[in-house]
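Here's the structure we're looking at; comments come further down.
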Amino acid sequence: MSQRYLILSTSLRPNSRSHTLALEAAEHLKAQGIEAEIVDLREHTLPLCDGGACYGDPAVNEFKAKLIEADGYLIATPIYNFDGNSALKNAIELTGKDVWTSKVVGFLAAAGGRGSYMSLSGLTLSLMLDFRTFILPRFVYVTGEDFDEDGSMSEEVKERVGEITSELIRVTSALRSE
Ligand SMILES: Cc1cc2nc3c(=O)[nH]c(=O)nc-3n(C[C@H](O)[C@H](O)[C@H](O)COP(=O)(O)O)c2cc1C
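Taking this note's numbering, the leading residue of the sequence shown gets 113, the next gets one more, and so forth.
This is the structure in structure tokens:
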């Protein structure tokens, strides 16, 4: 059975480093014969989740329909205030259990410093407990030091993105073959 993969990129910043990680992950998937769509939140005008009317918004339904098709995901996010950014949290609130239940999710995170390395713990725990999401036990976490002045990432980071991409395929395929 063939699996579908999707990369959700949640930074709203023009020169986003986490988006660069998303592009790199897409290249790794492509090298393995997998075309994975990147869903870029900069291209979606989503309402803030109000727990009610937002669920009838056509933009939310279109966004959710895109996400729901996949089996395995990479989420590329900036670290804001020791967490993923609020655009990511909002996207999860808008899509909820229909999208995330029992799916496989890996994280690609861009931060300002090394000290926030554990900052996705709360979000990943919530996905695991709320939706039984399978979180890959390997994150790619980068800071500005991992990029050159021209914005290109180090070979070591490319390798780490390759590793998490392979792990995404391995775990998703194993779980979906049940
Ligand atoms: C509102 C805000 C909060 C931030 N909080 C943190 C933080 O808690 N820890 C950290 O390491 N970096 C923090 N940063 C720095 C960003 O993680 C960093 O700029 C990162 O590159 C942003 O991701 P992006 O390049 O994909 O947009 C913060 C930046 C902003 C704007």
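Heads up, the beta-carbon is just placed ideally off N, CA and C, and yes, glycines get one too.
With a cutoff of 8 Å on beta-carbon distance, I119 and A188 are scored as near each other. In terms of side-chain proximity, the C-beta atom of Y192 is found nearer than 7 Å to a non-hydrogen atom of ligand 1. The closest heavy atom of ligand 1 lies 7 Å or more from the beta carbon of G163.
Using a cutoff of 7 Å, the CB of G168 does not count as near ligand 1, since none of the ligand's heavy atoms is closer than that.
Set against 7 Å, the gap from the CB of A134 to the closest heavy atom of ligand 1 is not smaller. With a cutoff of 8 Å on beta-carbon distance, F251 and V283 are scored as not near each other. According to the DSSP assignment, I276 belongs to the alpha helix (DSSP H) that extends over 267-288. Between the alpha carbons of M240 and I204 lies a gap of roughly 13 Å. Note on the region 191-248: whole alpha helix (DSSP H) runs with a minimum of 4 residues are 198-212, 233-243, in chain order. Apart from sequence neighbours up to five positions away, the residues of its chain that approach S285 with a beta-carbon distance below 7 Å are Q115, ordered along the chain.
In the DSSP assignment, E149 falls within the unbroken beta strand (DSSP E) covering 149-152. Bounds of the beta strand (DSSP E) holding I119 are 117-121. H140 is positioned such that its CB atom lies closer than 8 Å to that of T277.
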